[in-house]
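Asker: In this note's numbering, the protein residues as written are 30 to 324. The beta carbon of each residue, even a glycine, is placed where N, CA and C say it ideally should be. Please find one structure pasted underneath; my questions will follow.
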Amino acid sequence: MRDQADQLRQIVSKIQNNKKDDNTSYARIITITSGKGGVGKTSFTINLAISLAKMGYRIVIIDGDFGLANVDLMLGTSSRHGLREVITGQMSLEEVMVDGPYGVRFISGGSGIKELVNLSTTELDLFLQKIDELNMMADIILIDTGAGATENIIKMVLAADEVLLIVTPEPTAITDAYALTKIISASRRDVVLRLIINKAENINEAQGIFDKFSHAADKFLKVKIKNLGYILEDSHVPKSIKEQVPYVLGYPKCQASRQVRIVAGRLLNEDLGDTRHNTGMTSYIKKFLSLFRAN
Ligand SMILES: Nc1ncnc2c1ncn2[C@@H]1O[C@H](COP(=O)(O)OP(=O)(O)OP(=O)(O)O)[C@@H](O)[C@H]1O
Ligand SMILES: [Mg+2]
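The structure is reproduced here in structure tokens:
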């Protein structure tokens, strides 16, 4: 126990020395997705965001859910506006962002994202200039893609350089995650794909799922999947959602809080000295749109 805490502190102090201290580099963009819906993406994203913010990072969450946005509900914030207003030129990024705990900022992407496709070149340029400001506001941008592997969500994933794929022990969650991995690997061999096992009963079950999944992906899809960790089934998670206070704040000592902190530490530690994958928000949007033109 003590060893783990010491290790975590060491990781954090190393990272803090390594943090970007100028405004010229790009924000690291991490897309959080799943094959099947309801596996815990949003609750994980929010608690990861706060854990990273507590370690001194500037975090922005973009709710990429095309349907119902629920980041708001879980973060305990409320936003009436989102990317739609920025895309249509009615509002600035600052105006649509809401502040959550520990300086975590949140932008509701929602249905606005669909409208990007219909912009003229001039309108798009203007939007991209605005979105570029995010690189100065954030060290890490977390994009929660919302439920299900729909066409738009697949494009959001294909535009990403770093993908966190969430699975649960449910067989359909695993097969859907595998199907998504197959789609990703068919066109993006360079993407960094990491797996998070959520809601497993114990570590053995979580490890077993990772082993089987990564073995199958390696053998049949020739994709190397990294293990980023697990969050076991924990009753504090649904409880904290009901209370609208993220569990890392309401129950900082619960199992899920400890495990999400370990995941956060790993995510940062892996990035030490490696900025190859940070291409920034403008590049992300451009890649996303090019996938529509490709069809
Ligand atoms: N580790 C966990 N232990 C127990 N319950 C969990 C855990 N993680 C998530 N849950 C529960 O699973 C449900 C779904 O969580 P969440 O809304 O975060 O999933 P999601 O993947 O974002 O869903 P959607 O695909 O609909 O956006 C919630 O009721 C939440 O309480
Ligand atoms: Mg969600």
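Please report the straight-line C-alpha distance between ALA188 and ASN227, rounded to a whole angstrom.
Answerer: As a working mapping, residue 188 is identified with position 159 in the sequence shown. As a working mapping, residue 227 is identified with position 198 in the sequence shown. Each residue's alpha carbon lies about 24 Å from the other.
Asker: Between the segment 201-208 and the segment 159-174, can you find at least three pairs of beta-carbon atoms closer than 8 Å?
Answerer: Contact between the segment 159-174 and the segment 201-208 is absent, because fewer than three Cβ pairs lie under 8 Å.
Asker: Whole angstroms is fine: what's the gap from GLY69's alpha carbon to ILE195's?
Answerer: For the purposes of this step, residue 69 is identified with residue 40 of the sequence shown, where counting begins at 1. For the purposes of this step, residue 195 is identified with residue 166 of the sequence shown, where counting begins at 1. For GLY69 and ILE195, the distance between alpha carbons rounds to 7 Å.
Asker: Quick one: what's PHE135 bridged to in DSSP?
Answerer: Within the sequence shown, residue 135 is the residue found at index 106, counting from 1. Answer by DSSP bridge pairing, in chain order: ILE90, VAL127.
Asker: Check whether the Cβ of LEU228 sits closer than 6 Å to any heavy atom of ligand 2, and report yes or no.
Answerer: Here the question's residue 228 lines up with position 199 in the sequence shown. Here residue 228 turns out to be Lys, not Leu, going by the sequence shown. Incorrect: LYS228 has no Cβ contact closer than 6 Å to ligand 2.
Asker: Tell me which same chain residues have a C-beta within less than 6 Å of the C-beta of ILE88, skipping the five on either side of it?
Answerer: Position 59 of the sequence shown holds residue 88. Excluding sequence neighbours, ILE88 sits near ALA78, LEU81, ALA82, VAL133, ILE169.
Asker: With DSSP run on the structure shown, which of helix, strand or coil describes LEU320?
Answerer: Along the sequence shown, read from residue 1 onward, the residue named residue 320 stands at position 291. Looking at LEU320 - three-state DSSP - the assignment turns out to be helix.
Asker: Any idea what DSSP makes of THR60, helix, strand or coil?
Answerer: As a first step, residue 60 must be located in the sequence shown, where it is residue number 31. Three-state result, THR60: strand.
Asker: Would you call GLN288 buried or exposed, if buried means 16 or more other Cβ atoms sit within 10 Å of its Cβ?
Answerer: Walking along the sequence shown from the start, residue 288 turns up at place 259. Classification for GLN288: buried.
Asker: Pull up the DSSP beta-bridge partners for LEU194, would you.
Answerer: In the sequence shown, residue 194 corresponds to position 165, counting from 1. Beta-bridge pairing links LEU194 to THR62, LEU224.
Asker: What did DSSP end up calling TYR207 once you bin it into helix, strand or coil?
Answerer: As a first step, residue 207 is located in the sequence shown; it is residue number 178 there, counting from the start. DSSP places TYR207 in helix when its eight states are reduced to three.
Asker: Which one or two residues does DSSP pair with LYS255 in a beta bridge?
Answerer: On the sequence shown, residue 255 is found 226 positions in, with the first residue counted as 1. LYS255 pairs with ARG223.
Asker: What residues are listed by DSSP as bridge partners for ASP173?
Answerer: As a first step, residue 173 is located in the sequence shown; it is residue number 144 there, counting from the start. Note: ASP173 sits in a beta bridge opposite ILE61, ASP92.
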